[in-house]
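Enquirer:
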Amino acid sequence: MFEENGSLYENKAFGNLLISIGTLIDAIAIITPEEKEKQRRILLATGGWIEFTGSVIEAYAVIQNINEKKATKNKYNYRKGD
Numbered sequence: 051m052f053e054e055n056g057s058l059y060e061n062k063a064f065g066n067l068l069i070s071i072g073t074l075i076d077a078i079a080i081i082t083p084e085e086k087e088k089q090r091r092i093l094l095a096t097g098g099w100i101e102f103t104g105s106v107i108e109a110y111a112v113i114q115n116i117n118e119k120k121a122t123k124n125k126y127n128y129r130k131g132d
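Using this note's numbering, the letters of the sequence shown correspond one by one to residues 51 to 132.
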């Protein structure tokens, strides 16, 4: 019915990886010399979008995990004839 937990954890790990990469790009932008303002803005925007994408993927994995737990709970709590 739902994906295996491994796939959910892979999505969460991938989301965390993207957030980390985005943060690294933001850090590079911060240490970029002020004379290169255009490059700095591009790096900050890119880092922000990568972080946002990672957050969406991680949120999806968490929601899927919650839904899976609810489905499992309902499966074991279901009694025929009730």
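Where is the CB? At the ideal position from N, CA and C, for every residue including glycine.
Rounding to the nearest angstrom, what Cα-Cα distance links E108 and S70 in this structure?
Expert: 12 Å
Enquirer: Could you have a look at T82 and say whether DSSP puts it in helix, strand or coil?
Expert: coil
Enquirer: Could you tell me the distance, in whole angstroms, from the CA atom of L94 to the CA atom of K119?
Expert: 37 Å
Enquirer: For A79 and Y110, what's the separation of their Cα atoms in angstroms?
Expert: 28 Å
Enquirer: Could you give the C-beta distance for L68 and G104, rounded to a whole number, given that I count them as a contact under 8 Å?
Expert: 3 Å
Enquirer: Pop quiz: I116 and I100 are said to be a contact at Cβ under 8 Å. What is the actual Cβ separation, rounded to whole angstroms?
Expert: No, I116 and I100 are not in contact; Cβ-Cβ is about 25 Å, not under 8 Å.
Enquirer: Given T4, which residues of its chain have a CB within under 7 Å of its CB, disregarding the five upstream and five downstream residues?
Expert: Absent from the model: residue 4. The displayed extent of the chain is 51 to 132, so no value can be given.
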